[in-house]
Amino acid sequence: MALTEDRPLALPSGGSDDGYTPTGVFTRPTAETGARSWFTTVDHKKIGIMYGAAAIFFLIIGGSEALLIRMQLWAPRGTLLSANLYNQVYTMHGTTMVFLVVMPIGAAFANYLIPLQIGARDVAFPRINAFSFWAFLFGGVFINSSWLLGGGADGGWFMYAPNSGVIFSPTHGIDFWNLGLIITGIASLTGAVNLIVTVLNMRAPGMTLMRMPIFTWMALVSQFLLLFAIPVLTSAQVLLMLDRGFHANFFNVSKGANPLLWEHLFWIFGHPEVYLMILPAFGLVSDILPTFARKPIFGYPFIVFSGIAIGFMGWGVWAHHMFVSGIGPISVTTFSLTTMFIAVPTGVKILNWTATMWGGKLKFSSPMLFSIGLVTMFTIGGLSGVMHSVAPMDSQQTDTYFIVAHFHYVLFGGAFFGFMGGFYFYWPKAFGYMLNESLGKANFWLMLLGFNLTFAPMHVLGLQGMSRRIYTYDPGYGFEFWNKVATIGAFTLASSVALFVVNIFYSKVKAKNLPPVGPDPWDGRTIEWMVPSPTPAYNFDPIPTVTRVDDFWYRKYGETKDGKLVRIASTAEVAQQRTDGKGIHLPSPSYWPLVLAFGLPIAAYGLIFSLWLALVGAIIVVGAIYGWVMEPPDDPDKAHDDHGPDAHASDGGDAVVADPVDAVKEVETVG
Amino acid sequence: MQRLPKIVRVLAVISFTLVVVLFAALIVNSFQNAGKPLTTLTPQGPSSESIQKLLVPVTSIAAVVFVGVLGAALLISWKFRERKDSDPDEFPEQVHGKTALEIGWTILPALILAGIAVGTVMTLINLNREEPNSINVQVAGQQWWWQYKYDVNNDGNFDGPEDITTATEMVIPAGRPIQVTTTSNDVIHSFWIPGLNGKRDAVPGLRNPLKLQADEPGIFRGQCTEFCGLSHANMRMLVRAVSTSDYDAWVKNQLKDHAADPTDPTALAGKKVWQALCAQCHVIDGINDVKMKETKPPLVSGVAPDLTHLMTRGTFAGSIFNLYEPVGSDGSPLPMGDVAAAGDPGAALTGGKVNTATVNRVTLEAWLRNAPALKPMYPQGGRGMPNLNLTEEQIDQLVAFLETLN
Numbered sequence: 001m002a003l004t005e006d007r008p009l010a011l012p013s014g015g016s017d018d019g020y021t022p023t024g025v026f027t028r029p030t031a032e033t034g035a036r037s038w039f040t041t042v043d044h045k046k047i048g049i050m051y052g053a054a055a056i057f058f059l060i061i062g063g064s065e066a067l068l069i070r071m072q073l074w075a076p077r078g079t080l081l082s083a084n085l086y087n088q089v090y091t092m093h094g095t096t097m098v099f100l101v102v103m104p105i106g107a108a109f110a111n112y113l114i115p116l117q118i119g120a121r122d123v124a125f126p127r128i129n130a131f132s133f134w135a136f137l138f139g140g141v142f143i144n145s146s147w148l149l150g151g152g153a154d155g156g157w158f159m160y161a162p163n164s165g166v167i168f169s170p171t172h173g174i175d176f177w178n179l180g181l182i183i184t185g186i187a188s189l190t191g192a193v194n195l196i197v198t199v200l201n202m203r204a205p206g207m208t209l210m211r212m213p214i215f216t217w218m219a220l221v222s223q224f225l226l227l228f229a230i231p232v233l234t235s236a237q238v239l240l241m242l243d244r245g246f247h248a249n250f251f252n253v254s255k256g257a258n259p260l261l262w263e264h265l266f267w268i269f270g271h272p273e274v275y276l277m278i279l280p281a282f283g284l285v286s287d288i289l290p291t292f293a294r295k296p297i298f299g300y301p302f303i304v305f306s307g308i309a310i311g312f313m314g315w316g317v318w319a320h321h322m323f324v325s326g327i328g329p330i331s332v333t334t335f336s337l338t339t340m341f342i343a344v345p346t347g348v349k350i351l352n353w354t355a356t357m358w359g360g361k362l363k364f365s366s367p368m369l370f371s372i373g374l375v376t377m378f379t380i381g382g383l384s385g386v387m388h389s390v391a392p393m394d395s396q397q398t399d400t401y402f403i404v405a406h407f408h409y410v411l412f413g414g415a416f417f418g419f420m421g422g423f424y425f426y427w428p429k430a431f432g433y434m435l436n437e438s439l440g441k442a443n444f445w446l447m448l449l450g451f452n453l454t455f456a457p458m459h460v461l462g463l464q465g466m467s468r469r470i471y472t473y474d475p476g477y478g479f480e481f482w483n484k485v486a487t488i489g490a491f492t493l494a495s496s497v498a499l500f501v502v503n504i505f506y507s508k509v510k511a512k513n514l515p516p517v518g519p520d521p522w523d524g525r526t527i528e529w530m531v532p533s534p535t536p537a538y539n540f541d542p543i544p545t546v547t548r549v550d551d552f553w554y555r556k557y558g559e560t561k562d563g564k565l566v567r568i569a570s571t572a573e574v575a576q577q578r579t580d581g582k583g584i585h586l587p588s589p590s591y592w593p594l595v596l597a598f599g600l601p602i603a604a605y606g607l608i609f610s611l612w613l614a615l616v617g618a619i620i621v622v623g624a625i626y627g628w629v630m631e632p633p634d635d636p637d638k639a640h641d642d643h644g645p646d647a648h649a650s651d652g653g654d655a656v657v658a659d660p661v662d663a664v665k666e667v668e669t670v671g
Numbered sequence: 001m002q003r004l005p006k007i008v009r010v011l012a013v014i015s016f017t018l019v020v021v022l023f024a025a026l027i028v029n030s031f032q033n034a035g036k037p038l039t040t041l042t043p044q045g046p047s048s049e050s051i052q053k054l055l056v057p058v059t060s061i062a063a064v065v066f067v068g069v070l071g072a073a074l075l076i077s078w079k080f081r082e083r084k085d086s087d088p089d090e091f092p093e094q095v096h097g098k099t100a101l102e103i104g105w106t107i108l109p110a111l112i113l114a115g116i117a118v119g120t121v122m123t124l125i126n127l128n129r130e131e132p133n134s135i136n137v138q139v140a141g142q143q144w145w146w147q148y149k150y151d152v153n154n155d156g157n158f159d160g161p162e163d164i165t166t167a168t169e170m171v172i173p174a175g176r177p178i179q180v181t182t183t184s185n186d187v188i189h190s191f192w193i194p195g196l197n198g199k200r201d202a203v204p205g206l207r208n209p210l211k212l213q214a215d216e217p218g219i220f221r222g223q224c225t226e227f228c229g230l231s232h233a234n235m236r237m238l239v240r241a242v243s244t245s246d247y248d249a250w251v252k253n254q255l256k257d258h259a260a261d262p263t264d265p266t267a268l269a270g271k272k273v274w275q276a277l278c279a280q281c282h283v284i285d286g287i288n289d290v291k292m293k294e295t296k297p298p299l300v301s302g303v304a305p306d307l308t309h310l311m312t313r314g315t316f317a318g319s320i321f322n323l324y325e326p327v328g329s330d331g332s333p334l335p336m337g338d339v340a341a342a343g344d345p346g347a348a349l350t351g352g353k354v355n356t357a358t359v360n361r362v363t364l365e366a367w368l369r370n371a372p373a374l375k376p377m378y379p380q381g382g383r384g385m386p387n388l389n390l391t392e393e394q395i396d397q398l399v400a401f402l403e404t405l406n
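Line by line, the protein sequences are chains A and B.
Numbering of the first sequence is given in UniProt numbering, commencing with residue 1 and proceeding in unit increments.
Numbering of the second sequence is given in UniProt numbering, commencing with residue 1 and proceeding in unit increments.
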């Protein structure tokens, strides 16, 4: 059983067993604290935090773009933005929010939580994990750098061909969009492989699949969706890149191309994308609701299997984005019916969450409020989704503000409310201090108000004929009033996000005068709550053996036959103490993920401006791969217990296998 | 449990109340569709009516489900809230799930959806059924206006000498089915007359069918709904449903050409200007008979709206400006006016004399002076009308000439 925790450490590296001594350039960095450590870290927790921080940074950019859109539409014939600029702003808003905010926040939680929830020390491939993050960050910065280099993409986030061709969009905005998303796609793909392997291979002893916390389950499903969805998008984007940069004719209608090729490829990616964005939030809520209801999740296997069902069915509904594209009545009917029935597993989830609350002893802390917010607001998005699964109705609603309302109820009312709940819930675990509850509740109510003021009126605007993606509208259509309401709502929403940021800093300052937060501030259920807060670098010492769902809860409480709960141990007795982590071997930091990821945007700039620069990027990438491969293996003796340069000076990089004595000791502790 | 500061509690109450008021106002407002020319909620043709018949029950079911879920969430939140005086060591009953209940609430939504599915399939069959005796019209989108071709002699060809090519406005007889075929000459657009039917994308290289029929004569507005580049917002449609006799007269007039020179000397001078500058892109039957070709830059004659019967239309420039009164009262160069009232060509619609007193000369002249200033376009890439730097005299001559194009 010790296998699970040795695995990331014991991977032999090329040549290490014949006394290979690396040259100085390949020495692994050692810093584990300080600013520099963040650039070389392979710690899943630091990477998770960086994903979150980067996503909030992009949220501010994407949110500012949203405010520009809303200011432009405040009144008929708005003049704040030109048509050209508006088209760039709304395209970049959608792209930023989907690829650089919601997806990375999901990745932030998955990175931080999965190893903690399954009882692992880190992810399966820590360096690849770091690479995923840097590639995502550089991809995101690359896309946004288009603002300084001739303007953003202007084709809408689904970038339909042939409008995305050079003839119709001669600036480089779409090239930035295209290449940048190929880079973030690489990040997502490597991240997905990494997390899938982590979940399947690195669970603590006793942690069977059906004992995993639901967040881990949902994150696993969404990583599988990523794994299969991203390559489809990347394929389409490679075609677009060849069209735009190398005069190919994949989408040139005058050469016989069919523009629906892009639509199909995009939505085969795009629809699973929707589910992979929402599932992690579903997972968070499924862990938060039982904690604050103080009873187990209702129907654990049904929640899990409905998530898996959504994952499978999500592949059979893509053409509902194309009901009016001209795919023929048989396809329209088929996809209309498949789309309708994906509401069943989603409905099962909603009902199970409600049943989890039923009969509980509900404590309305901020995470709980946001979770109930998700249950109700997502329901609106789900039901409007059923409305346009009905293809004839969709023929009126598609590409109007009704759709804009729908997907914001799904992605904001669903995913983002869940993420906000997750932030409040896991903040003490990640940073060692609680976010202020009063500000948290104000945050929730302001967000609920702003969110509904912004997006609820869009339902009616859409049904009354307001087309989406229009930079202007005329008086006389009856659009004036609700657009004003939506704009007021957008600023309310922005202020609620600002309040969240204020809360982060306010609470940090206040925390100095408060006792340190213990490992388990919420009386949690899953094993991440048994480790100290903030989580030590080694996560668990020792790795726990898991015996059932909500393992940590049942270390604290026993359940009688008639469902009565009795406390059997205090939290202090069953939680883990912070140790010096001696003898625990963690993967060493590395420069190469950063260098490798840095080569990608350089190559991408080269593809836009000069192929010579692309060559430089390619050399960086190849060089980084070489450095990565030649890097000495993790040095178990150097990790953690000893950072002194002298103590193990002679070790070089040749120690491969964990000290057998230590390994035995750990097995015993675990057992 | 720490009590919340009062301000947070007040905020919660205000926020909750406002959301409830907002939802109520939205529901009420969705029944108020007067003066909303693009609304989908007041159907005026058989297709949109059959969609409405589906919308009402489906939306009602959705509303009931939402009220149920919201009500349950609120009720449960209230009923099972932690009381202040409760014993912290007392826990609720630990229920892990009930399989019968799970199966029940898996099957129940599936049954409701099955009912919706039956209605959906029946409506789809109805919407796709071909109507006998329908008029065939090919609608082609291009940046950023619409071209209409009528297969008048019903031979399956839209470009014969007895067929009609026109632009910007679609004239149909009320009460008669129109079989529209959408296509595009450049990027994907979407043809949408919400009062008459749902939308249908206009995809280059594809021919997509769409049925239209207006119950009564009237003006039906539309808006391009697939993002098609810079001026997507300014790509509007206008369907003029008229009586059968007016329609017949309209067809008869559309088949005429303008080979004869205008008698008015200013208009004649305008014709010369037109031939020198405008004929590169625009077509007037009898003057430059080049039929519309597929739009592929560089521009050739025939890729800009056909102007043969310009003055029979009430609007121009993608239906964003009125060609006739009513126009805005402020006299600004952008009198787009109240969109509920389209410009009225009067007798000119069916070939009668143009009432020059009602022509919206202000906007028409402003358009000729500098078109890209009134509507964002991309003339340097061959998409949209350039600024031709016309003199005021040329503009006056051109307008005089255009006014003869009934």
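Cβ atoms here follow ideal geometry from the backbone N, Cα and C, with glycine treated the same way.
Look at histidine 232 of chain B here: in three-state DSSP terms it is helix.
Taking 8 Å as the CB threshold, phenylalanine 341 of chain A lines the interface with chain B. In chain order, Tyr150, Val152 and Ile164 place their CB closer than 8 Å to the CB of valine 251 of chain B, counting only its own chain and leaving out the 5 sequence neighbours on each side. Arginine 200 of chain B: not part of any alpha helix (DSSP H); member of the beta strand (DSSP E) spanning 200-202, first to last residue.
For isoleucine 608 of chain A, the CB contacts under 6 Å within the same chain, skipping 5 residues up- and downstream, are His172 and Asp175 in chain order. Straight-line spacing of the CA atoms in alanine 269 of chain B and isoleucine 395 of chain B works out to 11 Å. In the structure shown, the three-state DSSP call for valine 239 of chain B is strand. In the DSSP annotation of this structure, isoleucine 268 of chain A is not part of any beta strand (DSSP E); the continuous alpha helix (DSSP H) holding it starts and ends at 260-293.
By the Cβ test, the region 421-436 of chain A is in contact with the region 284-291 of chain A, since at least three Cβ pairs between them sit closer than 8 Å. Within chain B, no C-beta atom comes less than 9 Å from the C-beta of glutamine 576 of chain A; the nearest is roughly 24 Å away.
Annotation: histidine 258 of chain B is outside any beta strand (DSSP E) and is labelled neither H nor E by DSSP.
Residue B:Ala276 holds the alpha-carbon nearest to the alpha-carbon of glutamine 397 of chain B among B:Ala276, B:Ile61, B:Ala373 and B:Tyr378. Proximity of the region 235-243 of chain A to the region 181-197 of chain A meets the contact definition, three or more beta-carbon pairs being nearer than 8 Å. Within a 10 Å sphere around the beta-carbon of proline 57 of chain B sit fewer than 16 other beta-carbons, which makes this residue exposed. In the three-state reduction of the DSSP assignment, arginine 578 of chain A falls in the coil class. Proximity of chain B to histidine 459 of chain A at the Cβ level (cut-off 7 Å) is accounted for by Leu26, in chain order. Beyond the five residues adjoining it in sequence on each side, threonine 346 of chain A comes within less than 8 Å, by CB distance, of Ser306, Ile310 and Gly382 in the same chain, given in chain order. Not one beta carbon of chain B lies nearer than 8 Å to the beta carbon of phenylalanine 250 of chain A. Chain-ordered, the chain A residues with CB closer than 8 Å to the CB of glutamine 223 of chain B read Gly465, Ser467 and Ile470. For the 8 Å CB-CB criterion, glycine 414 of chain A and phenylalanine 378 of chain A form a contact. The count of Cβ pairs closer than 8 Å, one atom from the region 483-502 of chain A and one from the region 530-547 of chain A, stays below three, leaving the stretches out of contact. Looking only at A:Lys429, A:Ala603 and A:Met218, the smallest Cα-Cα distance to glycine 139 of chain A is reached by A:Ala603. Short of 8 Å from the beta carbon of proline 259 of chain A, and not among the five residues preceding or following it, lie these beta carbons of its own chain, in chain order: Tyr160, Ala161, Pro162, Phe251 and Val253. Across the structure, glycine 48 of chain A and threonine 123 of chain B are spaced so that their CA atoms are roughly 49 Å apart. Fully contained in the region 151-203 of chain B are the following beta strand (DSSP E) runs of length 3 or more, in chain order: 164-167, 169-173, 178-184, 189-191 and 200-202.
When 8 Å is used as the limit between beta carbons, arginine 567 of chain A is near these residues of chain B: Asp89, in chain order. As computed with DSSP, valine 317 of chain A is found in no beta bridge at all. Restricting attention to B:Gly35, B:Ser245 and B:Thr181, the CA atom closest to the CA of serine 325 of chain A is found in B:Thr181.
Around glycine 198 of chain B, the beta-carbon contacts reaching into chain A at under 7 Å are Val324, Pro392, Ser395 and Gln396. Against chain B, the beta carbon of serine 336 of chain A has neighbours under 9 Å at Ala117, Thr120, Val121 and Leu124, listed in chain order.
Distance from the CA of glutamine 223 of chain B to the CA of methionine 235 of chain B, rounded to the nearest whole angstrom, comes to 6 Å. Only those residues of the region 71-85 of chain A whose C-beta falls short of 9 Å from the nearest C-beta of chain B are listed: Arg77, Ser82, Ala83 and Asn84.
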